[in-house]
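Taking it in order: structure first as structure tokens, then the write-up.
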Amino acid sequence: MLLTTDKKNKILKDLAVLIETSRDEIIAQNKKDIENAHNIDDTLLDRLKVDDKKVSGMVAAVEEVIGLDDPQGKVLNTYNHPNGIKVENKVVPFGRILIIYESRPDVTIEAAISAFKAGNKILLKGGKEALHSNLILTDLWKRALKANSVPEDYVEYLSINREETQKLLTDNTHHVDLIIPRGGEGLINYIKQSTSVPVIVSGRGNNFIYVHNDADFEMAIDLVLNGKSRLSVCNAIDKVLFNKDIPNLSKGMDSLLGKLAKTGIEVYGDGAYFSDFSSVKKVENAQMYGEEFLAAKIMFGLVDTLEDGIKCINKYSGGHSAVIVSSDATVADQFQQEVDCAAVYHNASSRFTDGGQFGFGAEIAISTQKLHFRGPVGLGQLVTNKWFISGNGQIRD
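In the numbering used here, the protein residues as written are 5 to 401.
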């Protein structure tokens, strides 16, 4: 069934109304998941919890996607062959997209709406810890589809066990065209190793800030604090590299450490320089550079040059986001050109790596791979292309 843009938008409008009017029921079902969540750390609990603010965020995300251009059917290229054949390259949906995710019930809405408006059918496989939340949200999807006489299989929730999930991945039992995993490295690696279906890797964060020797240090402090303002998000800052030639570095460091202490962030320092600061814990091994913390801790390092900073980031970061703080546009350009991350910032927070903040609505993932797309993935990226050729009996000599 080919859905028009008007039909898709009407379904999304109805979905937004249903989410708003079912606010209390959504939160009540989520409380069941919270009560059943045992031995879960604070970051996962933050992702699992649905409150009024998160419900409002779901509604806002749906409304935003309604206002975005529908990529389906867009003509990318046209060629009129000398023999009269018309050759067009058009945007088409992937087909069936499987989204596998952990903890975050809002993915059931915010990721699926982008895939839906791009013309795809969606299979959702959430974690058992969010089952009640995911089922109520999927039911709202079903009600919106049914109200518009559209088959309910456009959005399906898979309540299947581990063995069935393994078979789904290895044998592609549901005829999936694309898989998007949303979760930690363990989940992502497991899926990549288990399936031959194309996968968009929504990779880990482990994001870096490099503070150059000409940086506005107060700005650097603000960017570090903002980068650590939420712990459970993939665009958070985990590592800060300071150029050793920053003027009055120790004075600036005292100020930064004092502000981090007020937020409860533990600071680890690599190298002898940081041993002079009593609140900084010693880094025991270099492997810590490669860890994504998702926790109330941050790691500092000292580098001799811009090039050393770039080298360190390219070796250890997750390829997600990186920031340079510098007053020199030429230095910043070198950093942005040479750092191999999906998003590279000059004097701005890594927390902006987000589909909504980049101007194209709700995102389904932030891809850290270079194919098929890199960075925030929204409805404009959840498509592929197809060649349409029309003639009147032409044959090739």
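For each residue, glycine too, the CB sits at the ideal point set by N, CA and C. All values reported here derive from a predicted model rather than from experimental measurement.
Closest Cα partner of residue i within the set the options
{"i": "V96", "options": "T25, I370, Q76 and K14", "result": "Q76"}
{"i": "V79", "options": "G395, S394, Q398 and K390", "result": "K390"}
{"i": "Q398", "options": "T174, H85 and M5", "result": "H85"}
{"i": "I101", "options": "H216, R355 and S118", "result": "S118"}
{"i": "S325", "options": "A224, D358, L162 and S198", "result": "D358"}
{"i": "R27", "options": "S137, Y214 and I104", "result": "S137"}
{"i": "L135", "options": "K35, D242, T47 and V284", "result": "K35"}
{"i": "D226", "options": "N289, R355 and P109", "result": "R355"}
{"i": "N318", "options": "T309, E342 and V329", "result": "E342"}
{"i": "R186", "options": "I140, E114 and V154", "result": "E114"}
{"i": "Q361", "options": "V54, S321, I164 and E68", "result": "E68"}
{"i": "L374", "options": "T25, N87, A346 and S279", "result": "Just to set this straight, residue 374 is Lys in the shown sequence, not Leu. The residue with the shortest Cα to Cα distance from K374 is A346."}
{"i": "E189", "options": "F278, E295, D401 and L261", "result": "E295"}
{"i": "L260", "options": "A224, G379 and S153", "result": "A224"}
{"i": "K423", "options": "N247, G322 and L264", "result": "It is not possible to answer for residue 423, since the shown part of the chain is limited to 5 through 401."}
{"i": "N396", "options": "I23, N87 and I103", "result": "N87"}
{"i": "K266", "options": "F297, D332 and K232", "result": "K232"}
{"i": "F392", "options": "V381, I192 and T82", "result": "T82"}
{"i": "G363", "options": "V381, N351, S371 and T372", "result": "V381"}
{"i": "Y105", "options": "I204, P155 and I250", "result": "I204"}
{"i": "E270", "options": "D258, A299 and L253", "result": "A299"}
{"i": "V215", "options": "N351, L191 and N43", "result": "N351"}
{"i": "L172", "options": "I368, I103, D74 and L48", "result": "I103"}
{"i": "C238", "options": "I370, H376, N43 and L310", "result": "I370"}
{"i": "A116", "options": "A65, V154, G323 and I192", "result": "A65"}
{"i": "R234", "options": "V21, N40 and D46", "result": "D46"}
{"i": "A169", "options": "P155, L310, L191 and R400", "result": "The amino acid at residue 169 is misidentified as Ala; the sequence shows Thr. The option with the nearest alpha carbon to T169 is L191."}
{"i": "G323", "options": "T25, D401 and D344", "result": "D344"}
Same chain only: Cβ atoms within 6 Å of residue i, ignoring 5 sequence neighbours per side
{"i": "G275", "result": "L306"}
{"i": "R51", "result": "S107, R108 and S236"}
{"i": "G379", "result": "A346 and A347"}
{"i": "G99", "result": "D181"}
{"i": "N93", "result": "L80, N81, N389 and W391"}
{"i": "D332", "result": "D218"}
Contact check, residue i vs residue j, beta carbons under 7 Å
{"i": "I183", "j": "V201", "result": "yes"}
{"i": "Y293", "j": "V327", "result": "no"}
{"i": "E304", "j": "V228", "result": "In the sequence as displayed, the identity of residue 304 is Phe instead of Glu. It is not a contact, given that the beta carbons lie outside the stated cut-off."}
{"i": "F221", "j": "G268", "result": "no"}
{"i": "L6", "j": "A148", "result": "no"}
{"i": "L162", "j": "K132", "result": "no"}
{"i": "N217", "j": "N247", "result": "yes"}
{"i": "Y277", "j": "V287", "result": "no"}
{"i": "N152", "j": "K12", "result": "no"}
{"i": "L72", "j": "G365", "result": "yes"}
{"i": "F212", "j": "S279", "result": "no"}
{"i": "A219", "j": "S330", "result": "yes"}
{"i": "D242", "j": "F297", "result": "yes"}
{"i": "N230", "j": "S353", "result": "yes"}
{"i": "K90", "j": "S394", "result": "yes"}
Same chain, Cβ closer than 7 Å to residue i, five either side skipped, listed in chain order
{"i": "K17", "result": "I70"}
{"i": "T112", "result": "L128, G130, N138, L141 and T142"}
{"i": "M62", "result": "I23, D110, I113 and E114"}
{"i": "T9", "result": "D74"}
{"i": "L48", "result": "S107"}
{"i": "E156", "result": "K146, L149 and K150"}
{"i": "D308", "result": "K248"}
Any non-hydrogen atom of the ligand ZN closer than 6 Å to residue i Cβ
{"i": "H179", "result": "Ligands in the displayed structure: none, and consequently the ligand ZN is not present."}
Proximal residues to residue i (C-beta, below 8 Å), its chain only, five neighbours per side dropped
{"i": "K53", "result": "N34 and I38"}
{"i": "F377", "result": "I204, S371 and Q385"}
{"i": "E367", "result": "E114, A115, S118, D358, G359, G360, P380, V381 and G382"}
{"i": "P251", "result": "N217"}
* Asked: Is the region 166 to 179 close to the region 203 to 211, with three or more CB pairs under 8 Å?
  -> no
* To do: Count the C-beta pairs between the region 121 to 139 and the region 374 to 391 that are closer than 8 Å, then say yes if the count reaches three, no if not.
  => yes
* Hey, is the region 336 to 343 in contact with the region 313 to 328, meaning 3+ C-beta pairs nearer than 8 Å? -> yes
* Asked: Touching or not, the region 25 to 34 and the region 52 to 70, by the rule of three or more beta carbon pairs under 8 Å?
  -> yes
* Is there contact between the region 183 to 198 and the region 276 to 292, where contact requires at least three CB pairs shorter than 8 Å? -> no
* At what residue ranges does the region 55 to 96 contain a whole run of the beta strand (DSSP E), taking only runs of 3 or more? -> 79 to 84
* To do: For the region 237 to 319, list the beta strand (DSSP E) runs that are entirely contained and at least 3 residues long, ordered along the chain.
  => 241 to 247, 270 to 274, 284 to 286 and 301 to 307
* To do: Entirely within the region 174 to 240 and at least 3 residues each: give me those beta strand (DSSP E) ranges in chain order.
  => With a minimum length of 3 residues, the unbroken runs of beta strand (DSSP E) contained wholly in the region 174 to 240 fall at 182 to 186 and 211 to 215.
* Asked: Which runs of the alpha helix (DSSP H) spanning at least 4 residues fall entirely within the region 106 to 186, listed in chain order?
  -> Counting whole runs of 4 or more residues, the region 106 to 186 contains the alpha helix (DSSP H) stretches 111 to 121, 135 to 151 and 166 to 175.
* Asked: Where are the alpha helix (DSSP H) runs, 4 residues long or more, that stay fully inside the region 312 to 384, in chain order?
  -> 333 to 342
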